[in-house]
Amino acid sequence: NLVFMYIYVCVGVCIFCFVQSIFVAFFCCFFFLFIVVVKMCCFLFVVVLCVFFVFLLLLLLLFWFVEVKFCMYL
Numbered sequence: 001n002l003v004f005m006y007i008y009v010c011v012g013v014c015i016f017c018f019v020q021s022i023f024v025a026f027f028c029c030f031f032f033l034f035i036v037v038v039k040m041c042c043f044l045f046v047v048v049l050c051v052f053f054v055f056l057l058l059l060l061l062l063f064w065f066v067e068v069k070f071c072m073y074l
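Note that our numbering has the sequence shown beginning at 1, numbered continuously upward.
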C-alpha cells in the first residue's frame, strides 16, 4: 500500500513538472510574440497579451503553491 502511495506521489510530481514546463514554454513563446507585436505597435493586441501573461503567471504561482503544500504534507 505504501509503495502504491509512493508511485502516485512520483506520478503526481512528474505531471506537475510537465505542466509547469509547458507553461514556461508557452510563456517564452508569447513573450517573443509580444516583442514582435510591440514593434508593430498594435495596442489592443498588446493589452490582450499582457492580460494573458498575468493569467499564466497566476497559474504558475498556483501550481507552485499546490506543489509546496503537497511536499510539506508528505
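Even for Gly, the Cβ is constructed at its ideal location relative to N, Cα and C. All figures in this text were calculated on a predicted structure; none of them were measured in a lab.
- Below 8 Å on the Cβ atoms is my guess for LEU49 versus PHE26; work out the distance and round it to an integer in Å. Incorrect: roughly 12 Å between the Cβ atoms, too far for contact.
- Find the nearest neighbour of ILE22 within the set LEU44, PHE55, PHE65 and LEU60, judged by alpha-carbon distance. LEU60
- Message: Within a Cβ cutoff of 7 Å, which residues of the same chain sit near ILE15, ignoring the five residues on either side of it in sequence?
- Response: none
- Message: Suppose you measure from the CA of TYR6 to the CA of LEU56; what does that come to, to the nearest Å?
- Response: 30 Å
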